[in-house]
Amino acid sequence: MPSVGVKIYSVFFKLFLRHRLQSLANAAAAGDPDAAAFGVSCRADEATAPANPAFSAADGVASKDLHIDPNSALSVRIFLPTPPPQHAHLAHPRRASDPAPAAAGAPYRGYLPHAVSSPRAAASARRRLPIVVQFHGGGFVTGSSSGAANDAFCRRVAKLCDAIVVAVGYRLAPESRYPAAFEDGVRVLKWIAKQANLAMMSKVGGGVDTFGASTVEPWIAAHGDPARCVLLGASCGANIADYVTRKVVEDGKLFDPVKVVAQVLMYPFFIGSVPTHSELRLANSYFYDKPTCMLAWRLFLSEKEFNLDHPAANPLAPGRGGPPLKCMPPTLTVIAEHDWMRDRAIAYSEELRKVNVDSPVLDYKDTVHEFATMDVFLKTPQAQACAEDIAIWMKKYISLRGHEFSYYLKAKPVKGILRAYTNKLQAQVPYMGKKFSYFSSTVIHELMADDDFDVLTMYTEDDQEDAEAAAAKEEKQKQKQKRRQNFQFQEPPPPPLSPKEMANRQMPDKLREYDPKLGGSFYTRVWFLDFTIFDIDAETQYGPMRFTDSIIKEGHKLTESLNTGLRSSDVGFPINVYGTVIIRDGLDMKCNYIFRRDRDNCQLVESQGDTLTLSGPSRGVVFLGDAYFEIDLKIREGKEERDDRKFNKAFVDVDGQKINSPFQRQIVDSWLSEVDLTFAYVQEALEGTIEIKILSGPESFVGKITAWTTDLPNDDEMLLYDSSVGGGAVGDDRVIQLFRRVVAVSEDQMLVFKIWDGNACISPRTIRFSPLIKGVDRHVVPCGVYELRVEVVWSTLW
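As structure tokens, this is what we get:
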């Protein structure tokens with residue numbers, strides 16, 4: 001488990017983040033179009049670290065900020081490490097430059113060649129560093145390239161990898177929604193390519209204008225090697241990094257001379273319409289829980305585009321465009337133990353591995369989402385280990401000479417090295433019933449400590465002979481290329497949509513109806529799913545009592561539908577009501593009916609405030625993020641169904657972000673009525689399945705049975721049975737056919753029954769049940785002329 005300090009910090013972080021997102025959501029409704037076009041790349045209330053163009057005495061890294069686009073808020077912060085000292089023990093050192101002597105904290109004055117006798121030798125001795133383009137996290141709505149946590153992380157990466165780090169300050173939502181952040185990532189990579197091209201044409205040391213875009217940027221021009229570029233993204237930044245990588249693979253020539261040799265996805269912000277095991281088990285995990293992240297996605301994607309299988313959200317969504325996965329560069333994935341997004345990251349890595357892309361996974365125990373990039377606040381040992389592991393893996397691809405690896409195993413060919421390296425790092429991880437290959441965070445260190453594994457330094461400064469040989473080889477390759485057909489990947493035209501796919505696109509429009517009472521068109525059913533694989537009318541495949549021997553897990557939250565009342569009617573009373581009320585949850589998103597009557601079995605509602613006799617749910621309702629109600633009620637008026645009138649038809653999204661008390665009431669105003677939905681938000685809850693059997697007494701039970709839990713008001717009792725209401729009956733086995741038999745009870749509360757015997761003038765009998773972690777609880781109770789056995793089977797839902 002994470003440390004106590006991390007847990008405490010997580011509580012305050014969640015409260016602050018939820019308040020901020022809610023404030024942004026309210027502000028987005030009255031946004032300024034001009035401000036939205038320019039955007040913002042940093043929030044005013046966030047802690048930031050100032051740039052320091054002098055080499056820091058603490059870590060030896062200099063930094064500076066550049067605003068690279070005059071038409072938007074896009075900016076970058078560049079981190080440049082100092083060169084390490086010469087290694088005297090190397091017989092033929094590959095680094096041909098040393099820093100000029102300078103005191104700690106001295107301003108940057110460039111690198112001076114070491115022991116060179118001519119300008120030509122000095123040019124060949126210039127030290128070139130790989131470039132790491134880093135995208136910060138924050139759910140697309142918070143964070144910045146200059147944030148205190150991001151600044152500390154980028155400095156660590158620059159120092160460990162000995163690389164230039166370009167941290168991207170992309171535009172944030174909701175001021176700039178999708179695809180602004182993704183386009184900014186592509187724009188930064190093209191800006192780096194432009195700097196490299198300008199540097200090759202320039203004979204001066206470089207300069208920078210107001211926005212750093214029209215002249216040569218000196219740090220990148222003098223010391224950056226764009227042919228060894230790595231994209232690194234944390235959280236939502238991983239989504240941006242993966243998108244930019246796909247663009248580079250698809251349109252490589254537009255980015256020349258930038259070459260993306262690898263990408264690192266740190267706890268990517270992936271999600272999908274079908275929840276994974278970790279999304280169910282860890283939905284309310286530390287720092288970034290699923291309800292908060294859902295709100296962030298709603299701020300990032302417009303209402304029209306919102307879809308959990310959007311290409312920006314789910315890299316494995318059916319029909320996602322872009323190049324084939326086999327064309328992707330090596331991809332390292334970092335995941336945390338207590339992160340609800342971990343399973344989908346593992347699945348993406350596995351799909352890459354299936355097409356022979358090097359795609360290891362580093363899994364860190366006792367860690368939370370963004371543990372490595374928030375280390376300035378969390379101070380965990382795993383953060384330093386993670387940065388070192390990333391540096392070790394990254395050097396495998398940025399330590400290149402031409403197109404060959406600079407990793408050598410003594411007296412063994414290069415292919416043997418890679419095979420041995422892969423085999424030694426291979427391990428297995430279970431995920432949703434399958435076995436996936438991944439890298440343990442400790443195995444890499446074991447490999448690097450191997451006596452037979454000799455790693456050369458990562459720099460490409462060669463002497464004059466090496467430079468001339470490389471030039472000759474490049475010229476030879478150009479001659480060969482002229483004799484070959486120029487190949488450029490082009491995305492094939494999209495195939496025509498099948499009838500099923502066409503129906504899926506048209507389905508959301510079919511689920512909108514005009515409501516004359518509200519004067520607008522609204523969704524009446526869940527509309528954001530993939531209807532090529534999802535049947536909107538299918539009933540939930542799960543029943544009650546599924547895990548009667550399981551221990552309750554942390555964050556086991558359920559929703560209890562208490563009552564559905566008719567607050568008002570535009571046509572008066574009495575009326576005959578029929579139709580359905582459905583609740584959906586994240587377990588399978590399928591129909592779980594709490595009220596269902598056909599036209600021949602209407603319920604007579606005689607006065608205002610009367611409640612519908614609920615017949616469900618059929619199982620406990622999981623409350624992971626949002627819960628969804630679908631109301632479709634009608635009034636029977638004539639002999640034919642066409643004579644009937646719509647009474648209330650609406651879709652209600654219960655946002656878990658706004659739940660602030662266990663007892664909730666929501667008024668749904670639609671068509672000819674106001675419906676009062678009353679439900680409870682039950683934490684650390686168990687599902688209780690009720691059975692009441694007549695042990696002795698008359699064959700049929702005349703009376704009434706209600707139930708409630710001790711944490712809710714007594715006036716919101718749930719009606720389980722009433723012989724005066726049609727539908728109550730007793731089976732052949734003398735088990736009373738209850739209207740509803742599933743309830744949700746918090747583990748620290750009690751379930752209370754009240755039973756009236758209609759044949760005797762006595763007070764009702766009250767029975768109390770304390771929830772059991774597992775198993776069955778029974779009580780035999782005399783009630784007038786009856787002897788009843790009340791049984792409750794306790795179960796978890798996952």
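Residue numbers (full-length UniProt numbering): 1 to 798.
Just so you know, even glycine gets a beta-carbon here, dropped at the ideal spot from N, CA and C.
CB of residue i within 8 Å of CB of residue j, strictly
i, j, result
"residue 687", "residue 795", "yes"
"residue 240", "residue 170", "yes"
"residue 734", "residue 694", "yes"
"residue 499", "residue 527", "no"
"residue 349", "residue 331", "yes"
"residue 617", "residue 742", "yes"
"residue 228", "residue 164", "no"
"residue 235", "residue 145", "no"
"residue 77", "residue 69", "no"
"residue 262", "residue 394", "yes"
"residue 673", "residue 566", "yes"
"residue 587", "residue 797", "yes"
"residue 678", "residue 716", "yes"
Where residue i falls, given that 16 or more other Cβ within 10 Å makes a residue buried
i, result
"residue 608", "exposed"
"residue 784", "buried"
"residue 282", "buried"
"residue 514", "exposed"
"residue 766", "exposed"
"residue 13", "buried"
"residue 195", "buried"
"residue 541", "exposed"
"residue 17", "buried"
"residue 788", "buried"
"residue 780", "exposed"
"residue 485", "Residue placement at residue 485 cannot be trusted, given a pLDDT of 48 that sits under 50; the coordinates are not used to answer."
"residue 328", "buried"
"residue 341", "buried"
"residue 505", "exposed"
"residue 134", "buried"
"residue 246", "buried"
"residue 8", "exposed"
"residue 290", "buried"
Residue range of the unbroken alpha helix (DSSP H) whose run includes residue i
i, result
"residue 504", "499-510"
"residue 242", "236-250"
"residue 342", "342-354"
"residue 219", "218-223"
"residue 685", "Segment 685-696 is the beta strand (DSSP E) holding residue 685; no alpha helix (DSSP H) there."
"residue 377", "375-378"
"residue 313", "Careful: residue 313 lies outside any alpha helix (DSSP H) and carries neither H nor E."
"residue 798", "Residue 798 -> no alpha helix (DSSP H), and no H or E assigned at all."
Beta carbon proximity, residue i to chain B, threshold 8 Å
i, result
"residue 577", "Annotation note: the requested chain B is absent from the structure, which comprises a single protein chain."
The beta strand (DSSP E) enclosing residue i, as first and last residue numbers
i, result
"residue 809", "The shown model of the chain, from 1 to 798, leaves out residue 809, and the question about it has no answer."
"residue 756", "751-757"
"residue 783", "775-783"
"residue 718", "718-722"
"residue 381", "No beta strand (DSSP E) holds residue 381; the alpha helix (DSSP H) holding it covers 381-398."
"residue 521", "520-523"
"residue 549", "Note, residue 549: premise wrong, no beta strand (DSSP E); not H, not E."
Contact test: residue i Cβ vs the ligand FMN heavy atom, cutoff 7 Å
i, result
"residue 676", "Annotation note on the ligand FMN: not contained in the displayed structure, which lists no ligands."
- request: Kindly provide the ranges of any alpha helix (DSSP H) runs that are 4 or more residues long and lie completely inside the region 159-208, ordered along the chain.
  value: At a cut-off of 4 residues, the continuous stretches assigned as alpha helix (DSSP H) that sit fully inside the region 159-208 are 180-201.
query: Unbroken alpha helix (DSSP H) runs of length 4 or more, entirely within the region 267-309: which are they?
result: Runs found: 277-281, 290-300.
task: Take every Cβ of the region 173-180, pair it with every Cβ of the region 300-310, and state whether three or more of those distances are shorter than 8 Å.
output: The region 173-180 is in contact with the region 300-310.
- prompt: Is it true that the region 335-347 meets the region 268-283, where meeting means three or more beta-carbon pairs spaced less than 8 Å apart?
  reply: Taking a contact to require three or more Cβ pairs closer than 8 Å, the region 335-347 and the region 268-283 qualify as touching.
message: When you compare the region 57-65 with the region 133-144, are there three or more beta-carbon pairs, one atom per stretch, that lie closer than 8 Å?
response: The region 57-65 is not in contact with the region 133-144.
query: Per the contact definition of three or more C-beta pairs closer than 8 Å, is the region 387-394 in contact with the region 150-165?
result: Cβ pair count under 8 Å is three or more, so yes.
query: Looking at C-beta atoms only, is the number of pairs between the region 619-633 and the region 641-650 that lie closer than 8 Å three or more?
result: The region 619-633 vs the region 641-650: in contact.
The region 320-333 touching the region 248-266, judged by at least three CB pairs closer than 8 Å: Yes, the region 320-333 is in contact with the region 248-266.
- prompt: Does the pairing of the region 662-682 with the region 719-735 give three or more beta-carbon distances under 8 Å?
  reply: When C-beta atoms of the region 662-682 are compared with those of the region 719-735, fewer than three pairs fall below 8 Å, so the two segments do not count as touching.
query: Using 8 Å as the Cβ pair cut-off and three pairs as the minimum, do the region 674-690 and the region 737-749 touch?
result: Cβ pair count under 8 Å is three or more, so yes.
- prompt: Between the region 329-337 and the region 361-369, do three or more beta carbon pairs fall short of 8 Å?
  reply: Touching, yes, given that three or more Cβ pairs across the two stretches are closer than 8 Å.
- prompt: Mind pulling the beta strand (DSSP E) runs of 3 or more residues that sit fully within the region 12-86?
  reply: Taken in chain order, the complete beta strand (DSSP E) segments of 3 residues or longer contained in the region 12-86 are 61-67, 75-81.
message: Does the contact criterion of 3 or more C-beta pairs under 8 Å hold for the region 597-617 versus the region 573-580?
response: Short answer: they touch.
- prompt: Taking contact to mean at least 3 C-beta pairs separated by less than 8 Å, is the region 368-382 in contact with the region 312-321?
  reply: The region 368-382 is not in contact with the region 312-321.
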